[in-house]
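Taken in sequence, the protein lines are chains X and A.
Residues are numbered in this note's numbering as their position in the first sequence, beginning at 1, plus a constant of 104.
Residues are numbered in this note's numbering as their position in the second sequence, beginning at 1, plus a constant of 104.
Built from N, CA and C at the ideal position, the CB exists for glycine as well.
Computed from a predicted structure; not experimentally measured.
Protein chains: 2
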Amino acid sequence: MLDERKANILRAVVEQYIETAQPVGSGVVADAPGVQVSSATVRNDMVALESDGYLAQPHTSAGRIPTEKGYRFFVDNVVDEVRLARSDAKSVRTFFSQAHVELERMLADTTRLLSNLTHYAAVVVGPSHEEATIRSLQLVALTDRIVLAVVVLSNGVIEKQVVEAGADVSEQQVAEASALVASQALGRTGDGLRQVADEALRHTDPAVTALARQAVGTLRGESAEAEHVYIGGAAEIAAAFDAVATVSEVLRILEQQYLVVRLLNDVLDRGLNVAIGTEVGVEPLADCSVVVAPVEVDGQTAGTVGVLGPTRMNYQQAMAAVAVVSKRLGQTLSEG
Amino acid sequence: MLDERKANILRAVVEQYIETAQPVGSGVVADAPGVQVSSATVRNDMVALESDGYLAQPHTSAGRIPTEKGYRFFVDNVVDEVRLARSDAKSVRTFFSQAHVELERMLADTTRLLSNLTHYAAVVVGPSHEEATIRSLQLVALTDRIVLAVVVLSNGVIEKQVVEAGADVSEQQVAEASALVASQALGRTGDGLRQVADEALRHTDPAVTALARQAVGTLRGESAEAEHVYIGGAAEIAAAFDAVATVSEVLRILEQQYLVVRLLNDVLDRGLNVAIGTEVGVEPLADCSVVVAPVEVDGQTAGTVGVLGPTRMNYQQAMAAVAVVSKRLGQTLSEG
DNA sequence: TGCTAGCAGTCGCTGACCGAGAGTGCCAGC
DNA sequence: GCTGGCACTCTCGGTCAGCGACTGCTAGCA
Chain X
105 MLDERKANIL RAVVEQYIET AQPVGSGVVA DAPGVQVSSA TVRNDMVALE SDGYLAQPHT
165 SAGRIPTEKG YRFFVDNVVD EVRLARSDAK SVRTFFSQAH VELERMLADT TRLLSNLTHY
225 AAVVVGPSHE EATIRSLQLV ALTDRIVLAV VVLSNGVIEK QVVEAGADVS EQQVAEASAL
285 VASQALGRTG DGLRQVADEA LRHTDPAVTA LARQAVGTLR GESAEAEHVY IGGAAEIAAA
345 FDAVATVSEV LRILEQQYLV VRLLNDVLDR GLNVAIGTEV GVEPLADCSV VVAPVEVDGQ
405 TAGTVGVLGP TRMNYQQAMA AVAVVSKRLG QTLSEG
Chain A
105 MLDERKANIL RAVVEQYIET AQPVGSGVVA DAPGVQVSSA TVRNDMVALE SDGYLAQPHT
165 SAGRIPTEKG YRFFVDNVVD EVRLARSDAK SVRTFFSQAH VELERMLADT TRLLSNLTHY
225 AAVVVGPSHE EATIRSLQLV ALTDRIVLAV VVLSNGVIEK QVVEAGADVS EQQVAEASAL
285 VASQALGRTG DGLRQVADEA LRHTDPAVTA LARQAVGTLR GESAEAEHVY IGGAAEIAAA
345 FDAVATVSEV LRILEQQYLV VRLLNDVLDR GLNVAIGTEV GVEPLADCSV VVAPVEVDGQ
405 TAGTVGVLGP TRMNYQQAMA AVAVVSKRLG QTLSEG
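Right under this line is the structure:
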């Protein structure tokens with residue numbers, strides 16, 4: 105553990121480096137508030153911090169920059185007041201006070217809000233629809249053999265799934281299968297669909313039975329896994345790094361949305377709100393940090409909110425923004 | 105108009121510059137196939153090409169680079185054989201031979217295909233749903249006052265629209281309004297919904313009438329405007345430019361999807377397949393070019409396919425890829 | 001013991017300079 | 001009208017010196 109002065113010095117280095125992206129020398133640190141000692145003393149402490157792995161020196165006669173361990177200490181021990189700037193708090197408030205009836209648009213807009221607040225890329229993973237109840241389930245014939253199963257959930261989300269019938273089916277048969285499936289599914293949660301037994305789906309016409317069972321089978325398979333991801337502010341990534349190769353790599357990761365979801369969940373599973381550099385666990389994101397928070401609806405985790413930026417990130421502000429947005433989002437979701 | 109040798113020289117410069125991104129000197133041009141003259145002659149022609157505005161010189165004693173006018177000439181007069189590389193043609197074929205029943209996923213995947221082929225960002229604007237017929241229209245109550253209108257179109261696309269009822273409505277009322285609207289809308293095109301007169305929607309219960317009319321009204325307003333855009337390969341933008349500021353600007357444009365749609369349509373409206381630099385008409389995209397093609401289904405335009413890359417783009421390949429993909433996409437859409 | 005002032009030393013950055021090389025424009029000759 | 005040749009221009013890479021920033025160390029002071 106670091107004594108108070110060393111912690112203050114580390115804090116000063118991190119804050120300064122976040123601001124300027126330049127190695128920080130002992131001079132400016134000595135002038136920082138909370139460090140009322142001479143630059144020589146700062147230097148002595150800096151060598152200690154360096155040998156303890158909190159700071160690094162790009163080369164002799166350059167200032168210090170924080171290591172991952174340094175950022176980690178900063179995040180764990182130094183970041184205190186989780187408070188948004190007044191104007192930011194206001195834009196969050198106005199955002200959530202607007203009516204958002206369509207879940208999906210709201211989540212997409214939320215990424216925009218977050219990336220505007222933080223100037224980093226923002227990720228929102230939508231609530232898994234397992235908890236929402238099924239308000240409507242309908243089979244619609246598209247062609248003689250292809251049927252679309254459309255599920256409307258209580259949160260306004262629509263799941264759809266293509267069902268290919270084994271043989272040609274008539275409009276009439278589709279309608280009957282639709283009614284049959286609906287009778288079993290309505291009111292259940294998306295997850296509850298798994299409990300619909302094939303035996304419950306029976307009709308005098310075997311073709312109808314078959315179609316109904318197949319529809320439920322397809323929906324069973326899908327509904328649990330489909331995570332809805334929204335990513336916004338990719339352009340901020342370009343602004344945050346100065347090597348175009350890094351930007352390209354990071355964007356390539358962001359394009360693989362399933363990877364991003366897994367990444368966020370991994371971080372949360374490890375009990376972290378912040379993953380720094382290699383902690384993120386994806387090699388091309390070694391220069392990136394991630395700040396995440398679960399979205400809680402009625403005490404249940406129902407989604408994730410996060411931002412992705414350079415390790416040289418304004419953690420204080422990002423953590424505040426993510427915390428506030430995830431909380432407000434949870435509230436809004438539990439109301440609507 | 106340029107004589108043949110000048111055209112060949114211009115061609116050589118453009119092709120070389122596309123490949124190397126370096127100013128092209130008279131020496132390499134003289135060695136190019138189709139230019140069997142000495143470098144001195146090439147130089148003489150180059151000054152002519154420069155004073156005609158086809159080439160530019162970053163500084164004396166540097167080679168030449170093409171201007172927008174130079175690229176334009178190249179695209180209009182030089183690009184001839186629109187042919188994909190064998191392996192690329194194959195991946196297009198396998199892509200479209202796979203079953204794609206869900207339109208939206210297919211379009212999203214198409215952007216991935218195109219950006220893989222060209223290594224530029226790809227844009228696909230989905231078919232406006234005006235031509236597809238309505239297979240199902242259903243009102244689903246989410247809360248006492250909020251009703252979701254769900255429209256399933258014959259191409260498998262689902263449109264949804266939130267309808268807020270003026271007063272609380274019962275499940276029964278929603279069901280009746282749903283049947284009422286469906287009876288009028290089924291079989292019409294999405295556009296044809298506009299022709300449903302309010303008078304045709306009448307029910308003994310005035311609340312049902314009101315809800316039905318409001319639902320149709322909301323759907324009327326929306327269905328025409330909602331363009332579905334898919335953008336893929338944003339990471340390629342980062343690889344294509346070496347100034348991180350440019351990358352950031354371009355990505356910022358791509359994030360505004362409505363702007364991208366308008367941009368592509370503008371280009372097509374001007375009767376162009378290729379827009380080069382300032383021709384694109386968006387100031388931050390001055391270093392970008394766009395290659396577009398309409399997607400035709402049964403002779404009707406039903407979407408757009410395009411790529412966006414640096415002005416220093418491989419037009420030949422990009423044009424070929426866009427042409428093939430748009431054609432195959434049109435075929436696939438008219439089948440399914 | 002802990003802090004500080006001071007000083008020598010290291011190293012990157014900047015600007016000047018220079019030579020090599022690439023490319024040009026022009027001219028004379030074929 | 002094309003070409004070879006030549007003088008010229010300008011960039012690029014490398015070297016070097018001066019400068020400035022910052023460090024590490026040491027001696028001295030409270």
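Spanning the alpha carbons of R416/A and C392/A requires a straight line of approximately 8 Å. A distance of 9 Å or more separates the beta carbons of V196/X and V118/X. Taking C-beta atoms as the reference points, V267/X and L243/X count as a pair closer than 9 Å.
With contacts defined as CB atoms closer than 9 Å, R176/X and E154/X fail to qualify as a contacting pair. Across the region 276-297 of chain A, no CB contact with chain X closer than 9 Å is found for any residue.
C-alpha of G230/A to C-alpha of S430/A: approximately 11 Å in a straight line.
Listed along chain A, the residues sitting closer than 7 Å to Q242/X by beta-carbon distance are S240, Q242.
Of all residues in the region 254-277 of chain A, only V254, V256, S258, G260, I262, K264, V266 place a beta-carbon less than 7 Å from a beta-carbon of chain X. Residue state for A269/X is assigned as coil, using DSSP reduced to three classes. Counting along the chain, no alpha helix (DSSP H) covers S165/A, and no H or E run does either.
The count of Cβ pairs closer than 8 Å, one atom from the region 301-321 of chain X and one from the region 267-286 of chain X, reaches three, so the stretches are in contact. In the three-state DSSP reduction, Q404/A falls in the strand class (E or B).
The DSSP-derived three-state label of Q420/X is helix.
By the C-beta density criterion, S352/A is buried, having at least 16 other C-beta atoms within 10 angstroms. For L412/X, the closest of V384/X, Q435/X, G434/X, K110/X by C-alpha to C-alpha distance is V384/X. In terms of Cα proximity to R356/A, the closest of T293/X, G337/X, E263/X is G337/X. Residues P231, V399 of the same chain have their beta carbon placed closer than 6 Å to that of A406/X, with the five preceding and five following residues left out of the count.
With a cut-off of 8 Å on Cβ pairs, the region 252-268 of chain X is not in contact with the region 114-130 of chain A, counting fewer than three such pairs. Contacts between R356/A and chain X, judged by CB atoms closer than 7 Å, involve A339 in chain order. Spanning the alpha carbons of S282/X and G174/X requires a straight line of approximately 59 Å.
Our two residues, G381/X and A390/X, have alpha carbons roughly 4 Å apart in a direct line. If the five residues before and after Q435/A are omitted, its C-beta is found closer than 8 Å to the C-beta atoms of F200, all from its own chain and listed in chain order.
In this structure Q140/X is exposed. Its beta-carbon is surrounded by fewer than 16 other beta-carbon atoms within 10 angstroms. The C-beta of G270/X has fewer than 16 other C-beta atoms within 10 Å across all chains shown, which makes the residue exposed.
By a beta-carbon distance limit of 8 Å, A425/X contacts L218/X. Their separation comes to about 6 Å. Among the residues facing chain X, G410/A is not included, as its CB has no counterpart in that chain under 9 Å away. Taking the Cα positions, N112/X is about 29 Å away from A225/X. For V244/A, the enclosing beta strand (DSSP E) starts and ends at 238-245.
When beta bridges are read from the DSSP output, K194/A appears opposite no residue. In the DSSP assignment, V141/X falls outside any beta strand (DSSP E) and carries neither an H nor an E. Annotation: H332/A to A344/X spans about 30 Å, alpha carbon to alpha carbon. Q288/X and D373/X have their C-alpha atoms some 35 Å from each other. Contact check for I238/A against T293/A passes: the beta carbons are separated by less than 9 Å.
Distance from the Cα of H307/A is smallest, within the candidate group M210/A, V285/A, E359/A, Q299/A, for V285/A. The beta carbon of A212/A sits closer than 6 Å to the beta carbons of Y334 from its chain, once the five residues preceding and following it are set aside; these are given in chain order. Secondary structure of T293/A (DSSP, three-state): strand.
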